[in-house]
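Structure record follows, encoded as structure tokens.
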Amino acid sequence: MNKLIYSIGIWLFALLLALPSHAQYASTAPVRDGNISAGEYNNNSFTTANNGTWYMTWDANYLYIAKTGGQEAEPNYMYLDVDPTLPVTGGGLEKGNLTGNIDYGVTPVLPFRADVRVFFRIDNGNRYVEIRRRNGTGPNATWGNPIQTNLDFFSTGTNRELRLSWNTLTNNLGIPPTFNWLGYASNLSNGSDNYRYDQAPVNPKALNNTGGNAPLTEYYYTVLNTANGSATNPFSLKSYTFLGNYTSSTNNTIVPNDDAFGAIEVWDYTMNLADGRISRNSSTGGDWAIGGSLVVGNGVLYFGDGGNNFGNTNVGNVRVLGNGILDMNQTPKPLNVREDVDLTGGSQLVLSGRTFGDLAVGRNFYVRDGLNTTQATFQPGVRAVSFFGTGVTHTIQANNTTYQVPFSYLDLNSQSGSIVLASSIFVSKQVRFSQGLLITGNNFVQLDGAVDGLMNESAASHIVGNTRITQTLGTAQSGTKYFGNVGFVLTPQNSTTAFGDVTITRVTGTALTGVGVGNGTASIQRYFVLTSPNTTATGLDLQLQFSYRPDEQNNIPTGNLALYQSQNGAPGTFLRLTAPSASTSTTISYNYTGMLTSGTYFTLGDGVVPLPVTLVSFTATPTAQGAALLHWVTASETNSKGFTIERQLGSGSAWQQVGYVAASNAATGSTYNYTDKSLTVAPATPVAYYRLRQEDFDGATSYSPVATVARPAGVASTELLLSPVPVTGANLSVTFAEAGQAGLEIAVVNTQGQNMLHYTTVASAETALSLPVEKLAAGVYIVSVRVPGQPVRHARFVKL
Numbered sequence: 001m002n003k004l005i006y007s008i009g010i011w012l013f014a015l016l017l018a019l020p021s022h023a024q025y026a027s028t029a030p031v032r033d034g035n036i037s038a039g040e041y042n043n044n045s046f047t048t049a050n051n052g053t054w055y056m057t058w059d060a061n062y063l064y065i066a067k068t069g070g071q072e073a074e075p076n077y078m079y080l081d082v083d084p085t086l087p088v089t090g091g092g093l094e095k096g097n098l099t100g101n102i103d104y105g106v107t108p109v110l111p112f113r114a115d116v117r118v119f120f121r122i123d124n125g126n127r128y129v130e131i132r133r134r135n136g137t138g139p140n141a142t143w144g145n146p147i148q149t150n151l152d153f154f155s156t157g158t159n160r161e162l163r164l165s166w167n168t169l170t171n172n173l174g175i176p177p178t179f180n181w182l183g184y185a186s187n188l189s190n191g192s193d194n195y196r197y198d199q200a201p202v203n204p205k206a207l208n209n210t211g212g213n214a215p216l217t218e219y220y221y222t223v224l225n226t227a228n229g230s231a232t233n234p235f236s237l238k239s240y241t242f243l244g245n246y247t248s249s250t251n252n253t254i255v256p257n258d259d260a261f262g263a264i265e266v267w268d269y270t271m272n273l274a275d276g277r278i279s280r281n282s283s284t285g286g287d288w289a290i291g292g293s294l295v296v297g298n299g300v301l302y303f304g305d306g307g308n309n310f311g312n313t314n315v316g317n318v319r320v321l322g323n324g325i326l327d328m329n330q331t332p333k334p335l336n337v338r339e340d341v342d343l344t345g346g347s348q349l350v351l352s353g354r355t356f357g358d359l360a361v362g363r364n365f366y367v368r369d370g371l372n373t374t375q376a377t378f379q380p381g382v383r384a385v386s387f388f389g390t391g392v393t394h395t396i397q398a399n400n401t402t403y404q405v406p407f408s409y410l411d412l413n414s415q416s417g418s419i420v421l422a423s424s425i426f427v428s429k430q431v432r433f434s435q436g437l438l439i440t441g442n443n444f445v446q447l448d449g450a451v452d453g454l455m456n457e458s459a460a461s462h463i464v465g466n467t468r469i470t471q472t473l474g475t476a477q478s479g480t481k482y483f484g485n486v487g488f489v490l491t492p493q494n495s496t497t498a499f500g501d502v503t504i505t506r507v508t509g510t511a512l513t514g515v516g517v518g519n520g521t522a523s524i525q526r527y528f529v530l531t532s533p534n535t536t537a538t539g540l541d542l543q544l545q546f547s548y549r550p551d552e553q554n555n556i557p558t559g560n561l562a563l564y565q566s567q568n569g570a571p572g573t574f575l576r577l578t579a580p581s582a583s584t585s586t587t588i589s590y591n592y593t594g595m596l597t598s599g600t601y602f603t604l605g606d607g608v609v610p611l612p613v614t615l616v617s618f619t620a621t622p623t624a625q626g627a628a629l630l631h632w633v634t635a636s637e638t639n640s641k642g643f644t645i646e647r648q649l650g651s652g653s654a655w656q657q658v659g660y661v662a663a664s665n666a667a668t669g670s671t672y673n674y675t676d677k678s679l680t681v682a683p684a685t686p687v688a689y690y691r692l693r694q695e696d697f698d699g700a701t702s703y704s705p706v707a708t709v710a711r712p713a714g715v716a717s718t719e720l721l722l723s724p725v726p727v728t729g730a731n732l733s734v735t736f737a738e739a740g741q742a743g744l745e746i747a748v749v750n751t752q753g754q755n756m757l758h759y760t761t762v763a764s765a766e767t768a769l770s771l772p773v774e775k776l777a778a779g780v781y782i783v784s785v786r787v788p789g790q791p792v793r794h795a796r797f798v799k800l
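For the sequence shown, position 224 (counting from the first letter as 1) is numbered 224 according to the working numbering, and the numbering increases by one without interruption.
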């Protein structure tokens, strides 16, 4: 698998280098004077083997053509498809003609449905240019009358320059957003037009006199974009349409077969011949590099059964339409598709039955109905379909809602990407995960009975949604049923009843509600539904194994997980089958006995009654001022009212409340901080002890572990603690460490610096002073305490 992805990466790098170059829009119209320079045509040119050169550019109003070489009097032709669709030869006459105009007895077979034929020559010194449009009616391909309006032709010798109005070319539809074209010159020396040269691009089956009067022009140029600033170089993308083979080079008989098609490198490749068949050369090999689309509209494109010489196949898109068949049944090498695989109508894509004939898809995979509602079919053989890319959202879709897109092996190698199912799929062998997600939505992945239908699922690469598999469950000793490795295993032990066909549907990425007692009664993001045509089975004795990935636990601790069962999956109907276990295994086993009913749900939920608060940590840290900073973190909170902070100053003293913090009651927990400033005026002790008393709304309480703060000896607090603040009564209490000492000066001043009160203390046993402030007017005041030998301490208060 890794080797395949490596080869795809090399191919993509090479293909990016080969993407079409851009031509500049003609900001200045070429001067039609017979003097041709490459710069006039934005360096868009092609020189033929006969040394004739074609030039082309355009602007919003005109297509500019120049041509050198050949004989002055010999005619030159161009055919254009100005409204191309895929296949380029598909549709009816309303889309254009498949054969050219009859000129000098010659009718070329065209590689696309042409809308316009351009003819120009110099006859006895007279310059002549005309166009003819396809008429779009009648049973046969016919061309309209000559038109010469808004066509300009100038020449000097064999240098010819034309200016063609887009409106004239497109019948007043203006410049087309894209177009296909080809050109060539012919020699009239024998009075006929069957010697062709100066082809752009070269068409071997129409070169010189090959093909006689009905030459096959299989190669053409594709212009993907005509817009200013992003226009395609008109000579950079060569495309190909298979038109058959001659039975000889001297007559016009054509057979629709090629049994040894060799290497090719083009933009678009089209096979659209009724009863046609192309077989790739199996002996000499030959790589196919198709930058745009490989299109099979009718007939069979057979990739052959060659050995080691068989060539590589790298394409941009695969389009198999109508009655087309792309047959890779014996292909020994992969088909690498940069973008989409699109199967429409009655078409078929058949993968290899041999080793290494895999299909790699860079974007989407479609199996559509045709206009007549005939379903396209995909036959995966025994090979893998690998979805690759970076950051890509792939889609698998069948328009027929009853059609399950079949795969043998489905490989997911999409880095940071995903496969989204717009239709259900059927996988007969394995889904193999490397990178990216497979998202089912309302659809499902249907597995066959393989033991290991799902391989290497991980947190980075797995199915999100529905996986389904059916196996037959017998009586005792009938064997273990692994259900494709979806994570649900049943082993009959002493069962007396065979349940018969049992379908297990696994749903991942979604949690059920009303399961268990914790985690908000949400289950893990995985559950299984068991269904069977036999509504109920009794007498069962099974070992049931439920496996999950850790990334699906939905925040439920491993030790809390328990197995639950419900008859219908409704919230509140789940019964616990197993008790939570301390095991770290991601598989829970249960011996199931008795009756089992179709429609039963199994999942894992939180089987542990949750504590109101899960405390992660509680610490106490001294501050520089002698206070204590308390810090605690909770992981979850349920029905929690708040936390009372309690302090103890000695091992035998009483616990005292020193603070309170209301709980956030967040299910995901919170972080709390509280500073005990009262410690600064508390009696000196070596250590202070703290604990939290957590209280529920129902009145229940619990205590935290104890945290301690060391109080350095000889360090007194310098903080003043005022109470009450603001002051509404007659007295203000000032608490500080030295309050009981004599000779301390206490002063109260207003904001203008006026001394309102002044006291000198006497010795006492008190830890606080009471200052009479009843006569102070309402306002802001500052109390100052002077302790001998220390800086003056200040604190501000408000008197109401």
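Don't be surprised by glycine CBs; every beta carbon is placed ideally from N, CA and C.
Item, Value
"Nearest-angstrom Cα distance between T675 and L722?", "16 Å"
"How about N317 and S347: are their beta carbons less than 8 Å apart?", "no"
"Can you give me the start and stop residues for the alpha helix (DSSP H) that N167 sits inside?", "W166 to T170"
"Between which residues of its own chain and D33 is the CB-CB distance below 7 Å, once the five residues before and five after are set aside?", "F154"
"Quick check: the Cα distance between T708 and G516, rounded to an integer number of angstroms?", "39 Å"
"Would a C-beta distance cut-off of 8 Å place F602 and F528 closer than the cut-off?", "yes"
"Can the beta-carbon of I556 be found less than 8 Å from the beta-carbon of I524?", "yes"
"Taking 8 Å as the CB-CB cut-off, is N400 touching chain C?", "Among the protein chains of the structure shown there is no chain C, as only one such chain exists."
"Just to confirm before moving on: does the CB-CB distance between V300 and R280 stay below 8 Å?", "no"
"Would you decide whether A700 is buried or exposed? Buried here means 16 or more other CB atoms lie within 10 Å of its CB.", "exposed"
"If you draw a straight line from the C-alpha of G599 to the C-alpha of N442, how long is it?", "18 Å"
"What are the uninterrupted segments assigned as beta strand (DSSP E) that are 3 or more residues long and contained completely in the segment 229 to 308, given in chain order?", "238 to 242, 257 to 261, 264 to 266, 269 to 280 and 288 to 302"
"Tell me, please, which residues DSSP counts as bridged to I463.", "L438"
"Helix, strand or coil: how does DSSP classify F483 here?", "helix"
"Expressed to the nearest angstrom, what Euclidean distance is found between the alpha-carbon atoms of L182 and A274?", "24 Å"
"What are the partner residues of M595, as DSSP defines its beta bridges?", "Answer is none; M595 lacks a bridge partner."
"Return the first residue and the last residue of the beta strand (DSSP E) that Q397 is part of.", "T393 to A398"
"Ends of the beta strand (DSSP E) at G183?", "F179 to N187"
"Put N50 into one of helix, strand or coil per three-state DSSP.", "coil"
"Where does G211 sit, in a helix, a strand or coil, going by DSSP?", "coil"
"Quick one: give me the first and last residue of the beta strand (DSSP E) that W632 is part of.", "A628 to E637"
"Let me know the secondary structure DSSP gives N312 once reduced to three states.", "coil"
"May I have the straight-line CA-CA distance separating I36 from P201, to the nearest angstrom?", "20 Å"
"Please state whether DSSP places N673 in a helix, a strand or coil.", "strand"
"Hey, D411 and R432 are a contact pair by Cβ (cut 8 Å); roughly how many whole angstroms apart?", "5 Å"
"Roughly how many whole angstroms lie between the Cα atoms of A662 and N755?", "41 Å"
"Who are the Cβ neighbours of A60 in its own chain at under 6 Å, not counting the five residues just before and after it?", "I175"
"When the Cα of D81 is compared with those of R319, R132, G39 and Q397, which residue comes out closest?", "R132"
"Should K775 go down as buried or exposed, given a rule of 16 or more other Cβ atoms within 10 Å for buried?", "exposed"
"In angstroms, rounded to a whole number, what distance separates the CA positions of Q567 and F483?", "21 Å"
"Using DSSP with H/G/I as helix, E/B as strand and the rest coil, what is V451?", "coil"
"Is V382 helix, strand or coil when you go by DSSP?", "coil"
"With a 10 Å radius around its C-beta and 16 neighbouring C-beta atoms as the bar for buried, classify N364 as buried or exposed.", "buried"
"State the start and end residues of the unbroken beta strand (DSSP E) segment that holds K368.", "The identity of residue 368 in the sequence shown is Arg, whereas the question assumes Lys. It is not in any beta strand (DSSP E) - R368 carries neither H nor E in the DSSP assignment."
"When DSSP labels each residue in this structure, what does A716 get in the three-state scheme?", "Here A716 scores only 48 on pLDDT, less than 50, and its place in the model should not be relied on; the value that follows carries that caveat. Three-state DSSP puts A716 in coil, outside helix and strand."
"Rounded C-beta distance between T614 and G669? I'm assuming under 8 Å.", "7 Å"
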